[in-house]
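Numbering (the working numbering), first residue to last: 62 to 695.
Structure below.
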């Protein structure tokens, strides 16, 4: 069964079959060019602004042109002219790190066709392309995800990139932003359908280990004209075929950037999940980092870390029901109670039935039979928000707090209005051949509820109110058409001729959140599908006097990045807790600072760091608000 296509076809516009020749842009569906509901949706959201207890009088503006960034994501043909509903449409990641130690965070964009690109931050909101000099282009492979981490504890971020059947790559940084490919020597050059990858120190030896998610076999051995392996027509029932499963990988860091595959030895031999991403977390609070593994077509899995020696699956004990089509995950403290909650986005459940925009905050009305779901009725058909109860348990509250949305992929969090509560940006869309889908920006209403704010703060509509772009050229004279959309394109041929340009909806897949221009507020850079990124720059500091502190961790006994550390900032108004895991967006992990908004507080009383080594460090002096504080493990 092809799970995407039948439901997309039901919305495709049936064009007139007369003999007159039509002109102008053409899109499938036609409404992608000018969604008739977009203005009403904007007006309805603006009318809710009086419900906000938190500051929302700021705007994001897309500064892609001013930034100098010219990167454009390009898709394989199976997401365009030879459309096949396979997992290529999940897109690719985007990650940040200060690759040359100049104090500015650089951006690495991952691509399917044409190579990845690394853009150096010049410090004033502008960037320059240093891909060639850095040696990170990887033009010959279909890349998927990227993760930055200091794997050898030498003070600079190294880079790991996953690919589709091209072999994963590990690139060692020399400290100046020049990278050397040591994939084979490192032991990280697995060939398969790899996806997201996260670094974490599961045995607390001070060296970062690596978990690589593997989706499953969704391509054939046939290679298309674009150099990519062709997708299987029944890719979205692949989870029902055990022979197509691929085992995700756990690698133990042995030092000096050499890794050993310890997946089976450590109890992570789950061969059934179709895994796109995962997240480290300490669910039971014992100081050992556990692992939550997403399943994009079935039950998620939770593995409890037993003192760094092995993992024990306790999935249904702790999470009786999980999203059926999980894509993105972020672990953070939503309500400032000091406990880590879990937000998970579910894209695939939304594909069982296409809905009108008014119903996008509802859980999916699941249309697929149990023979397709294979979940025993223990699934959530939509996003999940697991709120920690403080006793190694969770309750699912996504509908209660407004965490549902439609077609979600990557999930990133950050305090956009610097009020002390973590907000969320959910990259959401579907692209060709579906209608336009909005990104969701959710402002945290004092830990009580998320409020839909993408139109209020200027994330939607997009720059110049664009909703579509040219997607691919159709040329019947050279037989350059095919795939699942062949019949529809043949109908268009009657009114458009043998050659025309097909347009499609714009859409995001992932994002990173950081202060890219050093003005004190958080900005958003998106990873788009088959388009240039959005560089959404906030004007918060121009319209409000804010208070914040940025924290950079430097481990000594712990890993140099401090991944796995918990940081608690205490003020006269309350406590703010974050776990440093580097997780930002879908298919990515970044080497970045922690940003704490402080609300109206002008001073920080104390900062506590609970290091992965087990050390607890308290700072009470030389804490300057609205500055960067470097904390070295002692």
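Where is the CB? At the ideal position from N, CA and C, for every residue including glycine.
query: What ranges does the beta strand (DSSP E) occupy inside the stretch 411 to 494, keeping only unbroken runs of at least 3 residues that lie completely in it?; result: 445 to 449, 455 to 457, 469 to 475, 484 to 489
query: Going by CA-CA distance only, name the one from 491, 677, 329, 350 that's closest to residue 629.; result: 677
query: What's the call for residue 126, buried or exposed, on a 16-neighbour Cβ count within 10 Å?; result: exposed
query: Quick one: give me the first and last residue of the alpha helix (DSSP H) that residue 109 is part of.; result: Premise fails: residue 109 is in no alpha helix (DSSP H) and is neither H nor E.
query: Taking the C-alpha atoms as reference points, what is the distance between residue 523 and residue 593?; result: 12 Å
query: Measuring straight from C-alpha to C-alpha, what distance separates residue 659 and residue 412?; result: 40 Å
query: Which residues in the same chain as residue 96 place their Cβ atom closer than 7 Å to its Cβ, once the five residues preceding and following it in sequence are excluded?; result: 496, 497, 528
query: Just verifying my parser: in three-state terms, what is the DSSP assignment at residue 7?; result: The structure shown does not extend to residue 7, since the chain is modelled only from 62 through 695, so no value can be given for it.
query: With 16 as the cutoff for other CB atoms within 10 Å, does residue 66 come out buried or exposed?; result: Because residue 66 carries a pLDDT of 41, less than 50, the predicted location of this residue cannot be relied on, and the following value inherits that uncertainty. The residue in question, residue 66, is buried, as its Cβ has 16 or more Cβ neighbours within 10 Å.
query: Taking the beta strand (DSSP E) that residue 560 falls in, what are its first and last residues?; result: 560 to 566
query: Less than 8 Å between the CB atoms is what I'm expecting for residue 327 and residue 272, so what's the real figure, rounded?; result: That pair is no contact at about 10 Å.
query: Looking at residue 195 and residue 183, is the spacing between their C-beta atoms short of 8 Å?; result: no
query: Going along the chain, which residues of its own chain have a beta-carbon closer than 6 Å to the beta-carbon of residue 598, five neighbours each way excluded?; result: 122, 124, 584
query: Grab the span of the alpha helix (DSSP H) containing residue 192 for me, first residue to last.; result: 192 to 195
query: Which of the three DSSP states, helix, strand or coil, is assigned to residue 666?; result: coil
query: For a minimum of 4 consecutive residues, which ranges assigned as the alpha helix (DSSP H) are wholly contained in the stretch 176 to 230?; result: 192 to 195
query: Per DSSP, what are the beta-bridge partners of residue 366 in this structure?; result: 372
query: Kindly give me the distance between the Cβ atoms of residue 649 and residue 154, rounded to whole angstroms, as I take these residues to be in contact under 8 Å.; result: 4 Å
query: Counting C-beta neighbours from all protein chains within 10 Å, is the total for residue 487 16 or more, i.e. buried, or is it exposed?; result: buried
query: Given this structure, state the Cα-to-Cα distance separating residue 237 from residue 217, to the nearest angstrom.; result: 8 Å
query: Nearest to residue 356 by alpha carbon, out of 239, 323, 442?; result: 442
query: Tell me whether residue 457 is buried or exposed, calling it buried when 16 or more other Cβ atoms sit within 10 Å of its Cβ.; result: buried
query: Tell me residue 88's beta-bridge partners as DSSP assigns them.; result: 564
query: My understanding is that residue 221 touches residue 350, with C-beta atoms under 8 Å, so please give their C-beta distance in whole angstroms.; result: That pair is no contact at about 18 Å.
query: How big is the Cα-Cα spacing for residue 570 and residue 521?; result: 15 Å
query: Identify, in the order they occur along the chain, each residue of the same chain with its Cβ nearer than 7 Å to the Cβ of residue 518, setting aside the five sequence neighbours on each side.; result: 117, 119, 120, 121, 502
query: Less than 7 Å between the CB of residue 393 and some heavy atom of the ligand ATP, yes or no?; result: Ligands in the displayed structure: none, and consequently the ligand ATP is not present.
query: Assign residue 537 to one of three DSSP states: helix, strand, or coil.; result: helix
query: Based on the DSSP output, what are the partners of residue 272 in its beta bridges?; result: 259, 311
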